[in-house]
Each structure stands twice: as structure tokens, then as C-alpha cells.
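Here is the structure we will look at, set down as C-alpha cells.
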Amino acid sequence: MALIEQIQAMVEQHPMILFMKGTPQLPMCGYSSQAVQALQAAGAGQLKTVNVLADPELRANLPRFSNWPTFPQLFIHGELIGGSEIIIELLEAGELQRIVAEAGVV
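Pasting the structure below:
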């Protein structure tokens, strides 16, 4: 299976998936850390994460798949939501909590 197809399968398999630098326990950039903190504050307890630093091919090809150049990248029900700035905006607007609950990852 081609890498783009593997990415598509991951995005479709998980109701919410965050492609980030590092892990939730050890984020390797400030934006990834902020995204994880916002998602946790919104109640995302069963968040699937993928460390793009562990797979250079994934890191190189995910921006082509999503048409989003930076990390982290949050997908919910197969749809790109965006990066840390958008995640934080959704949290501050009170929308992220609803989205997390609807995704069933509480």
C-alpha cells in the first residue's frame, strides 16, 4: 500500500487523530505541546497520536496529503481541522469540547 493510502486509512480508522512532533508525554515542539494540552483540556482522553518525527517518509508526505504545510495536524472523522492555532481557537470558543464529545474520544 502506498504511503498516501496508509495515511488515508489512518485518518479514516480513527475518529480523531493528531499527527504531531513527539508524543503527548514528550512533545518535541511547542505547537504540538499546545495542541495536546488544548485537546486534553477539551476532554480528549482517547486521542490517537502519530509521531511524525519517527517516520521521515510520513513527515514528508503528510503535507502533500492534507495540503497543510506544518505540524501538528488534527483530523476528525477524516477531515483536516488544522494546526495548533485552530485547535486553540476552537477551545477558546467552546467548540472543541463539543467536537471531542461528538467524535467519541472522551
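Numbering-wise, the UniProt record's numbering puts 26 at position 26 of the sequence shown, and it's gapless, one number per residue. Glycine included, every Cβ here is placed at the ideal spot set by N, Cα and C.
Measure the Cβ-Cβ separation of residue i and residue j and say whether it is below 8 angstroms.
| i | j | result |
| --- | --- | --- |
| residue 112 | Leu96 | The chain is shown only over 1 to 106; residue 112 falls outside these bounds and no answer can be derived. |
| Ile78 | Val11 | In the sequence under discussion, the amino acid at residue 78 is Gly, which differs from the Ile named in the question. Contact flag set, yes. |
| Pro15 | Gly94 | no |
| Phe75 | Ile4 | no |
Only counting the same chain, and skipping five residues up and downstream in sequence, which positions put a Cβ closer than 7 angstroms to that of residue i?
| i | result |
| --- | --- |
| Ser66 | Gln73 and Leu80 |
| Leu90 | Leu96 and Ile99 |
Tell me which same chain residues have a C-beta within less than 8 angstroms of the C-beta of residue i, skipping the five on either side of it?
| i | result |
| --- | --- |
| Leu53 | Lys21, Gly22, Met28 and Arg59 |
| Gln34 | Ser84, Ile87 and Ile88 |
| Glu57 | Leu3 |
Could you tell me the alpha carbon to alpha carbon distance between residue i and residue j, rounded to whole angstroms?
| i | j | result |
| --- | --- | --- |
| Gly30 | Gln13 | 27 angstroms |
| Thr70 | Pro63 | 7 angstroms |
| Gln46 | Ile99 | 13 angstroms |
| Pro24 | Asp55 | 17 angstroms |
| Trp68 | Ile7 | 14 angstroms |
| Glu102 | Val36 | 18 angstroms |
Tell me which same chain residues have a C-beta within less than 6 angstroms of the C-beta of residue i, skipping the five on either side of it?
| i | result |
| --- | --- |
| Val50 | Phe19 |
| Lys48 | His14 and Ile17 |
| residue 109 | There is no way to answer for residue 109, as the model of the chain reaches only from 1 to 106. |
Any beta carbon of chain D sitting closer than 8 angstroms to that of residue i?
| i | result |
| --- | --- |
| Lys21 | Of the protein chains in the structure, only one exists, and it is not chain D. |
Answer yes or no: the CB of residue i versus the heavy atoms of the ligand GTP, is any distance below 7 angstroms?
| i | result |
| --- | --- |
| Ala44 | Ligands in the displayed structure: none, and consequently the ligand GTP is not present. |
Contiguous alpha helix (DSSP H) assignments of at least 4 residues, all confined to the UniProt domain "Glutaredoxin" (17 to 81): 30 to 41 and 56 to 66
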